[in-house]
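Read through the structure below, which is laid out as structure tokens, and then see the notes.
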Amino acid sequence: MIADFVLTRASALRTGLILALAGPLTAVAADVLALTPAQKKNLGVEIAPLSAAAASPALTYPARVTLPPASLRVVAAAGDALVTRLHVQPGDTVRRGAPLVTVAMPALAEAQNQLTQAQLRARLAAETEARDQKLFAEGLIAESRLRATQSAAASARADLAAARAARALLGAGNAAGSALTLVAPIAGVITESAAEPGQRVDAGTVLFKVADLSKLALEIPLSTTQSRQVAAGQRVSVVDSAATGRITALLPQLTAAQSVVARASLADPQNLLRPGQSVQVAIAGTHAAESLTVPAGALVWKGEASYVFVDTAKGLVPTAVRVLRRNATAAEVSGLAPGSRVAVRGVAALKAQWAGE
Numbered sequence: 001m002i003a004d005f006v007l008t009r010a011s012a013l014r015t016g017l018i019l020a021l022a023g024p025l026t027a028v029a030a031d032v033l034a035l036t037p038a039q040k041k042n043l044g045v046e047i048a049p050l051s052a053a054a055a056s057p058a059l060t061y062p063a064r065v066t067l068p069p070a071s072l073r074v075v076a077a078a079g080d081a082l083v084t085r086l087h088v089q090p091g092d093t094v095r096r097g098a099p100l101v102t103v104a105m106p107a108l109a110e111a112q113n114q115l116t117q118a119q120l121r122a123r124l125a126a127e128t129e130a131r132d133q134k135l136f137a138e139g140l141i142a143e144s145r146l147r148a149t150q151s152a153a154a155s156a157r158a159d160l161a162a163a164r165a166a167r168a169l170l171g172a173g174n175a176a177g178s179a180l181t182l183v184a185p186i187a188g189v190i191t192e193s194a195a196e197p198g199q200r201v202d203a204g205t206v207l208f209k210v211a212d213l214s215k216l217a218l219e220i221p222l223s224t225t226q227s228r229q230v231a232a233g234q235r236v237s238v239v240d241s242a243a244t245g246r247i248t249a250l251l252p253q254l255t256a257a258q259s260v261v262a263r264a265s266l267a268d269p270q271n272l273l274r275p276g277q278s279v280q281v282a283i284a285g286t287h288a289a290e291s292l293t294v295p296a297g298a299l300v301w302k303g304e305a306s307y308v309f310v311d312t313a314k315g316l317v318p319t320a321v322r323v324l325r326r327n328a329t330a331a332e333v334s335g336l337a338p339g340s341r342v343a344v345r346g347v348a349a350l351k352a353q354w355a356g357e
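So the sequence shown is numbered by the UniProt record's numbering: it starts at 1 and just counts up by one.
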């Protein structure tokens with residue numbers, strides 16, 4: 001009984017403190033807080049209207065610009081070689097087929113010689129095959145001779161294919177003896193160079209990386225709650241930029257920071273963004289007909305349910321809303337009519353009075 005008295009006394013003191021700050025409240029129906037303008041001011045309550053223009057909001061999130069694999073190409077030495085000349089350096093813009101580096105490759109001359117010989121043998125075998133087919137049609141040679149000629153021609157064609165493959169393995173480009181000038185496989189920007197004149201490189205050594213910066217991507221780290229509010233196909237735009245794109249996937253695994261990474265395509269018509277750049281992106285909502293944006297601080301929670309205090313003629317009414325999406329500063333909610341006026345400041349004091357604390 002003494003304990004009940006102490007708890008009742010403490011509760012009364014807390015209630016009295018709020019009443020002293022806000023002034024006497026008018027008794028109204030349950031879950032309606034009738035406050036005078038002076039009481040709202042004393043509690044720090046600020047009311048703001050929600051307009052229909054806030055429908056279909058685009059909440060902002062931090063993101064990082066990345067380079068998708070399809071936009072990057074590498075130029076490598078296909079055999080042991082000596083770098084003799086560099087035609088470009090990092091930062092240069094190149095067209096497809098532009099010369100990048102010239103190397104001296106001893107194996108190139110041998111491969112080119114074998115290819116030339118294979119081409120000559122294949123041409124001679126093809127001519128012999130055509131002649132014998134004509135002679136056989138005229139009955140001047142036996143069928144066995146024709147078959148032998150056809151077999152020789154097929155063998156020559158196979159040797160030519162092998163010689164072409166061996167030459168191709170040494171790299172595409174402009175060849176002159178043992179010198180090979182490697183060219184850009186795509187139009188883009190040189191992002192990396194690992195070659196120096198006079199340097200000896202082994203087969204497989206990457207000499208240049210060429211990136212098509214017109215086709216970028218975004219990685220957007222989201223909390224697990226935020227990730228449930230984002231889906232493939234939603235439109236993404238970079239804040240203070242003309243760059244736009246769409247969500248392409250949400251990675252199934254969490255990062256070390258326990259975030260879900262959303263990937264998005266990105267087109268940058270102004271060419272202002274660079275891989276690795278940190279940006280703010282806006283993800284458009286998918287509930288344009290039913291949603292409004294409220295400040296994150298306007299939300300109060302009672303158990304698992306979310307509420308906002310709507311200003312009406314009778315007073316401030318706690319109104320249940322459904323949170324569709326939210327970030328650190330704003331939330332997209334449904335359950336409110338366009339034009340509703342809600343409390344955006346002093347919400348903690350209102351919740352305390354609503355809960356009877």
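Even for Gly, the Cβ is constructed at its ideal location relative to N, Cα and C.
Keep in mind that this is a model prediction, so the values were computed, not measured.
**OP:** Drop a sphere of 10 angstroms on the beta-carbon of residue 302, count the other beta-carbons inside from all chains shown, and report buried for 16 or more, exposed for fewer.
**Re:** Residue 302 is exposed by the Cβ-count criterion.
Original post:
Nearest-angstrom Cα distance between residue 63 and residue 241?
Top reply: Between residue 63 and residue 241, the C-alpha separation is close to 14 Å.
Original post:
Helix, strand or coil: how does DSSP classify residue 99 here?
Top reply: Three-state result, residue 99: strand.
Original post:
Which two residues bound the contiguous alpha helix (DSSP H) that contains residue 116?
Top reply: 106-137 is the extent of the alpha helix (DSSP H) around residue 116.
Original post:
From residue 155 to residue 130, what does the alpha carbon distance come to, in whole angstroms?
Top reply: Between the C-alpha atoms of residue 155 and residue 130 there is a straight-line separation of about 15 Å.
**OP:** Could you tell me the distance, in whole angstroms, from the CA atom of residue 255 to the CA atom of residue 311?
**Re:** Each residue's alpha carbon lies about 42 Å from the other.
**OP:** Identify every residue that forms a DSSP beta bridge with residue 218.
**Re:** Its beta-bridge partners are 65, 264.
Original post:
Apart from the five residues just before and just after residue 215, which ones in its own chain have a Cβ nearer than 6 Å to its Cβ?
Top reply: 71.
Original post:
How is residue 76 classed by DSSP in three states: helix, strand or coil?
Top reply: In the three-state reduction of the DSSP assignment, residue 76 falls in the strand class.
Original post:
So residue 245 and residue 265 are in contact, right, with Cβ under 8 Å, and what is the actual spacing, rounded?
Top reply: The C-beta distance from residue 245 to residue 265 rounds to 4 Å, short enough to fall under 8 Å.
**OP:** Whole angstroms is fine: what's the gap from residue 38's alpha carbon to residue 350's?
**Re:** When rounded, the separation of the alpha-carbon atoms in residue 38 and residue 350 is 14 Å.
Original post:
Just the Cα atoms here: how many angstroms apart are residue 344 and residue 316?
Top reply: Going from the Cα of residue 344 to the Cα of residue 316 covers about 12 Å.
Original post:
Using the C-alpha atoms, what's the distance from residue 116 back to residue 66?
Top reply: Rounded to whole angstroms, residue 66 to residue 116 spans 45 Å at the Cα level.
Original post:
Would you report the Cα separation of residue 319 and residue 227, rounded to the nearest angstrom?
Top reply: Going by C-alpha positions, residue 319 is about 26 Å away from residue 227.
Original post:
What are the start and end residues of the beta strand (DSSP E) that includes residue 302?
Top reply: Per DSSP, residue 302 belongs to the beta strand (DSSP E) from 300-302.
**OP:** To the nearest angstrom, report how far apart residue 147 and residue 124 are at their CA atoms.
**Re:** If you take the alpha carbons of residue 147 and residue 124, they lie about 16 Å apart.
Original post:
Going by DSSP, what residues sit across from residue 192 in a beta bridge?
Top reply: Note: residue 192 sits in a beta bridge opposite 209.
Original post:
Once you ignore the five residues that flank residue 166 on each side, which residues in its own chain have a CB closer than 6 Å to its CB?
Top reply: Within the same chain, 111 come within 6 Å of residue 166 by CB-CB distance, once the 5 residues on both sides are set aside.
Original post:
Under three-state DSSP, which class holds residue 167?
Top reply: In the three-state reduction of the DSSP assignment, residue 167 falls in the helix class.
Subject >> Reduced DSSP secondary structure (H/G/I, E/B, other) of residue 200 >> reply: Correct three-state label for residue 200: strand.
Original post:
Roughly how far, in whole angstroms, is the beta-carbon of residue 229 from the beta-carbon of residue 325, given that I think they are within contact range, below 8 Å?
Top reply: Right, the Cβ-Cβ distance comes to about 4 Å (below 8 Å), so this counts as a contact.
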